[in-house]
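Trainee: Chains as they are written, first to last, in this note's numbering: chain A, 1 to 213; chain B, 214 to 426. Note that the Cβ used here is the ideal one computed from N, Cα and C, for glycine as well.
Protein chains: 2
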Amino acid sequence: MAAPRASGGDKRRMILDAAVVAFAKRGFHACRVSDIADEANVAYGLVYHYFRSKDEVLDTLFLDRWNVLLAVISEIDGQDIPPREKLHAIAGFIIESYRYDPDLMKVIIVEVTRAANSFGRTHLGKIREAYALIADIVAKAQDAGTFKRDVTPEFAALAFYGAIEQVLTGWIFEMLPKSEAEFDQAKAMIVETICGGLEVASGHSASASARTV
Amino acid sequence: MAAPRASGGDKRRMILDAAVVAFAKRGFHACRVSDIADEANVAYGLVYHYFRSKDEVLDTLFLDRWNVLLAVISEIDGQDIPPREKLHAIAGFIIESYRYDPDLMKVIIVEVTRAANSFGRTHLGKIREAYALIADIVAKAQDAGTFKRDVTPEFAALAFYGAIEQVLTGWIFEMLPKSEAEFDQAKAMIVETICGGLEVASGHSASASARTV
DNA sequence: CACAAGGTTGACTGACCAGTCAATCCCCCA
DNA sequence: TGGGGGATTGACTGGTCAGTCAACCTTGTG
Chain A
1 MAAPRASGGD KRRMILDAAV VAFAKRGFHA CRVSDIADEA NVAYGLVYHY
51 FRSKDEVLDT LFLDRWNVLL AVISEIDGQD IPPREKLHAI AGFIIESYRY
101 DPDLMKVIIV EVTRAANSFG RTHLGKIREA YALIADIVAK AQDAGTFKRD
151 VTPEFAALAF YGAIEQVLTG WIFEMLPKSE AEFDQAKAMI VETICGGLEV
201 ASGHSASASA RTV
Chain B
214 MAAPRASGGD KRRMILDAAV VAFAKRGFHA CRVSDIADEA NVAYGLVYHY
264 FRSKDEVLDT LFLDRWNVLL AVISEIDGQD IPPREKLHAI AGFIIESYRY
314 DPDLMKVIIV EVTRAANSFG RTHLGKIREA YALIADIVAK AQDAGTFKRD
364 VTPEFAALAF YGAIEQVLTG WIFEMLPKSE AEFDQAKAMI VETICGGLEV
414 ASGHSASASA RTV
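#1: Give the DSSP bridge partners of PHE147(A), in chain order.
#2: Counting only Cβ pairs nearer than 7 Å, list the residues of chain B close to MET105(A).
#3: With a CB to CB cut of under 6 Å and the five nearest residues on each side skipped, what residues in its chain are close to GLY196(A)?
#4: Does the beta-carbon of GLY27(A) have 16 or more other beta-carbons within 10 angstroms, so that it is buried, or is it exposed?
#5: What's the gap between the Cα of GLN185(A) and the Cα of SER287(B)?
#6: Write down every uninterrupted run of the alpha helix (DSSP H) in the stretch 109 to 146 of chain A whose length is 4 residues or greater and which is fully enclosed by it, in chain order.
#7: Compare the C-beta of VAL285(B) against all C-beta atoms of chain A and say whether one is closer than 8 Å.
#8: Any beta carbon from chain B within less than 8 Å of ALA135(A)'s own beta carbon?
#9: Let me make sure I understand the geometry here. Which of ALA343(B), PHE360(B) and THR326(B) has the alpha-carbon closest to that of VAL281(B)?
#10: With three or more beta-carbon pairs closer than 8 Å as the criterion, would you say the stretch 231 to 239 of chain B touches the stretch 251 to 264 of chain B?
#11: Using 8 Å as the threshold, is the C-beta distance between PRO315(B) and ALA354(B) below it?
#12: Would you say PHE147(A) reaches chain B, if we count a Cβ-Cβ gap shorter than 8 Å as a contact?
#13: What does HIS446(B) reach in chain A if we use C-beta pairs closer than 9 Å?
#14: At least one CB of chain A closer than 8 Å to the CB of LEU381(B): is that the case?
#15: Report the option in ILE350(B), ALA345(B) and ARG245(B) whose CA atom is closest to the CA atom of ASP293(B).
#16: The alpha helix (DSSP H) that contains PHE62(A), what's its start and end?
#17: Evaluate the contact criterion for the stretch 320 to 335 of chain B versus the stretch 258 to 276 of chain B: three or more CB pairs, one atom per stretch, below 8 Å.
#18: Taking all protein chains shown into account, decide if ARG13(A) is buried (16 or more other Cβ within 10 angstroms of its Cβ) or exposed.
#19: Classify HIS301(B): buried if its beta carbon has 16 or more other beta carbons within 10 angstroms, exposed otherwise.
#20: Going straight from the alpha carbon of LEU158(A) to that of ALA376(B), what length do you get?
#21: With a Cβ-Cβ cutoff of 8 Å, do ILE134(A) and PHE160(A) count as a contact?
#22: Measure the C-alpha to C-alpha separation of PHE236(B) and ASP248(B) and round it to an integer number of angstroms.
#23: Applying a beta-carbon distance threshold of less than 9 Å, which residues of chain A neighbour MET402(B)?
#24: Taking Cβ-Cβ distances shorter than 8 Å, what residues in chain B pair up with PHE183(A)?
#25: THR359(B) and VAL200(A) - do their beta-carbons sit closer together than 8 Å?
#26: My output table needs one value for ALA43(A): the three-state DSSP class, helix, strand or coil.
#27: Drop a sphere of 10 angstroms on the beta-carbon of HIS336(B), count the other beta-carbons inside from all chains shown, and report buried for 16 or more, exposed for fewer.
#28: Which stretch, first to last residue, makes up the alpha helix (DSSP H) that contains HIS88(A)?
#29: Using the rule of at least 16 other Cβ atoms within 10 Å of the residue's Cβ for burial, across every protein chain shown, is ALA71(A) buried or exposed?
#30: Alpha carbon to alpha carbon, what distance is there between LYS400(B) and ALA216(B)?
#31: So is GLY197(A) in contact with chain B if we call contact Cβ pairs under 8 Å?
#32: Name, please, each residue of chain B whose Cβ falls closer than 9 Å to the Cβ of VAL200(A).
#33: Which term fits GLY120(A), buried or exposed, when burial requires 16 or more other beta carbons within 10 angstroms of its beta carbon?
#34: Among the candidates SER266(B), ILE307(B) and VAL260(B), whose CA atom is the shortest distance from the CA of VAL404(B)?
#35: Answer yes or no: does any C-beta atom of chain B fall closer than 8 Å to that of PHE51(A)?
#36: Looking at VAL246(B) and TYR427(B), is the spacing between their C-beta atoms short of 8 Å?
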């Protein structure tokens, strides 16, 4: 028999997994604690044995995953490859995360990362860490002369991460197709947009800035 | 005398304005209908005289403003100016909207546009219209040979709007400074990032795509 | 085998809040 | 000046849920 009885503390894991499904399906606010318990085939009260509150369940989900992301970005930054490839690897990791577990990423993005008013508030610091790491990559690329200085590193990080999140959001809410090919194409397009820009590489002086209407 | 008594249907306006303040301060979910009424100096029940529900208040706030945005984008697209300038004008309008009424934009972005799980769901269609208009500008620029074809118009629209929203979000949650100069600089940097890209304009062939790690 | 410690159960409580409604007020018109 | 109708009021209702808790079960240990 597959798993006749989850031995010991597996229940905690089961609750976490169930929470991902439940949160993804109904959204954090609309999801009742009893939904999580039902989904996990576990009594209502057990959720409170392992977690202090409904919030803590979401916190755990987010932090576990986000810490992995931060570690991966650091690791990528440590590699000796050109900045474009670093950004490509980061976009790749995030997109693969979504491909591997769409529900978890949906919850993290929709309920934490994009929900800066409710939950994101609590985790602003963590989120900012990711921006900072990306900004650092850009800054070093500028120092090396690979990236130009028209855009500040902080801003570039914002735009880069923003583009990724926007694409994932598009997938999450089915505004975008998501065939298998789509995933790799997205990685490439994100990097190309942010690094290469939309305009054809003419002799265009890169400073069409301050000329407002 | 200034306004000793709001004559007639001004109350509706007062409720709407109060809702902006209340939603911005506490977030839509945490904000009670009584908060709106208090903020508007109006009885609880009056909110329900003018609106069917708490949701309808937010809907009204969003739709009124979003329709203006759609009209403005169309208008800009109609002008005979290069695509980069069109995008600059669009970014400019959105950023000016924020400068003019930060609370309203905060509510629209945080509670609708970025809240695709709860409210955004209802307004996905409207939001998509904006993407479509932007994508159209990009598509025409590609046909004219001004923009390259490495990135699909739909994708470019996503990245462009995503960058703007990300910057506003940064301001909203004080992850970014927002001096007066910051606003104009942001317009320029968004356009420069998306149109010009981060890389220095070397002879770099614009197709470092499908080579994943 | 008996007992302790922690895992597991689910009915229950307390708080909160959207939305209702009957009563009151105010303005306009005849 | 009388009265009709929309504007305004706020106490009240109904339903929902997060979190508690006392009882029950399972497992390991002496």
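Mentor: According to the structure data:
#1: The count along the first sequence starts at 1 and reaches residue 147(A) at position 147. In the DSSP assignment, PHE147(A) is bridged to GLU412(B).
#2: Stepping through the first sequence from its first residue, residue 105(A) is reached at position 105. Result: empty, since nearest Cβ-Cβ is about 13 Å, beyond 7 Å.
#3: Numbered from its first residue, the first sequence carries residue 196(A) at position 196. For GLY196(A), there are no CB contacts under 6 Å within the same chain when 5 residues up- and downstream are skipped.
#4: Here residue 27(A) refers to the residue found at position 27 when the first sequence is read from its first residue. With 16 or more Cβ atoms within 10 Å of its Cβ, GLY27(A) is classed as buried.
#5: The residue labelled residue 185(A) in the question sits at position 185 within the first sequence. The residue labelled residue 287(B) in the question sits at position 74 within the second sequence. When rounded, the distance between both Cα atoms is 29 Å.
#6: Listed in chain order, they are 119 to 143.
#7: As a working mapping, residue 285(B) is identified with position 72 in the second sequence. For VAL285(B), the answer is no, since every Cβ of chain A falls outside 8 Å of its Cβ.
#8: Residue 135(A) sits at position 135 when you count from the first residue of the first sequence. Residue contact check for ALA135(A) against chain B: no CB pair falls below 8 Å.
#9: The residue labelled residue 281(B) in the question sits at position 68 within the second sequence. The shortest C-alpha separation from VAL281(B) is found at ALA343(B).
#10: At 8 Å Cβ cutoff, the stretches touch.
#11: Here residue 315(B) refers to the residue found at position 102 of the second sequence. Here residue 354(B) refers to the residue found at position 141 of the second sequence. Not closer than 8 Å, so no.
#12: Looking up residue 147(A) in the first sequence gives position 147. Output row for PHE147(A): interface = yes.
#13: No statement about residue 446(B) is possible, as the shown extent of chain B runs from 214 to 426 and does not include it.
#14: Looking up residue 381(B) in the second sequence gives position 168. Taking CB atoms only, LEU381(B) has no neighbour in chain A less than 8 Å away.
#15: Counting from one through the second sequence, the residue named residue 293(B) turns up at place 80. Among ILE350(B), ALA345(B) and ARG245(B), the Cα nearest to that of ASP293(B) belongs to ILE350(B).
#16: As a first step, residue 62(A) is located in the first sequence; it is residue number 62 there, counting from the start. Going by DSSP, PHE62(A) is part of the alpha helix (DSSP H) stretching over 54 to 78.
#17: Because the criterion of three Cβ pairs below 8 Å is met, the stretch 320 to 335 of chain B and the stretch 258 to 276 of chain B touch.
#18: Locating residue 13(A) in the first sequence gives position 13, where the first residue counts as 1. Counting Cβ neighbours within 10 Å, ARG13(A) comes out exposed, since fewer than 16 surround it.
#19: Within the second sequence, numbered from 1, the residue matching residue 301(B) stands at position 88. Label assigned to HIS301(B): buried.
#20: Residue 158(A) sits at position 158 when you count from the first residue of the first sequence. Residue 376(B) sits at position 163 when you count from the first residue of the second sequence. Rounded to whole angstroms, LEU158(A) to ALA376(B) spans 7 Å at the Cα level.
#21: Reading the first sequence from its first residue, position 134 is the one you call residue 134(A). Reading the first sequence from its first residue, position 160 is the one you call residue 160(A). Their beta carbons are under 8 Å apart, which means ILE134(A) touches PHE160(A) by this criterion.
#22: Numbered from 1 along the second sequence, position 23 holds the residue referred to as residue 236(B). Numbered from 1 along the second sequence, position 35 holds the residue referred to as residue 248(B). Cα-Cα distance, rounded: 9 Å.
#23: As a first step, residue 402(B) must be located in the second sequence, where it is residue number 189. For MET402(B), the residues of chain A that pass the 9 Å Cβ criterion are ASP150, VAL151, THR152, PHE155, ALA156, ALA159 and SER209, in the order they occur in the chain.
#24: In the first sequence, the residue the question calls residue 183(A) occupies position 183. By Cβ distance, chain B contributes nothing, its closest Cβ being about 10 Å from PHE183(A), past 8 Å.
#25: As a first step, residue 200(A) is located in the first sequence; it is residue number 200 there, counting from the start. As a first step, residue 359(B) is located in the second sequence; it is residue number 146 there, counting from the start. Taking 8 Å as the Cβ cut-off, VAL200(A) and THR359(B) qualify as a contacting pair.
#26: Counted from its first residue, the first sequence places residue 43(A) at position 43. In this structure, ALA43(A) counts as coil in the three-state DSSP scheme.
#27: Taking the first residue of the second sequence as 1, we reach residue 336(B) at position 123. Looking at its Cβ environment, which holds 16 or more other Cβ atoms inside 10 Å, HIS336(B) is buried.
#28: In the first sequence, residue 88(A) corresponds to position 88, counting from 1. Under the DSSP assignment, HIS88(A) falls in the alpha helix (DSSP H) whose first and last residues are 83 to 100.
#29: In the first sequence, counting from the first residue as 1, residue 71(A) sits at position 71. By the neighbour-count rule (16 or more Cβ atoms within 10 Å), ALA71(A) is not buried but exposed.
#30: Here residue 216(B) is taken as the residue at index 3 of the second sequence, counted from 1. Here residue 400(B) is taken as the residue at index 187 of the second sequence, counted from 1. Confidence is the limiting factor: at ALA216(B) the pLDDT is only 35, short of 50, which leaves the residue's position unreliable and the question unanswerable from this model.
#31: The residue you call residue 197(A) lines up with position 197 of the first sequence. Under the Cβ distance rule, GLY197(A) counts among the residues neighbouring chain B, one pair being separated by less than 8 Å.
#32: Locating residue 200(A) in the first sequence gives position 200, where the first residue counts as 1. Going along chain B in sequence order, the residues near VAL200(A) (Cβ under 9 Å) are GLY358, THR359, PHE360, LYS361 and ALA419.
#33: On the first sequence, residue 120(A) is found 120 positions in, with the first residue counted as 1. With 16 or more other Cβ atoms within 10 Å, it is buried.
#34: To locate residue 404(B), count along the second sequence from 1; it is residue 191. Relative to VAL404(B), the option among SER266(B), ILE307(B) and VAL260(B) whose CA is nearest is ILE307(B).
#35: In the first sequence, the residue the question calls residue 51(A) occupies position 51. For PHE51(A), the answer is no, since every Cβ of chain B falls outside 8 Å of its Cβ.
#36: In this structure chain B extends from 214 to 426, so residue 427(B) is not present and cannot be described.
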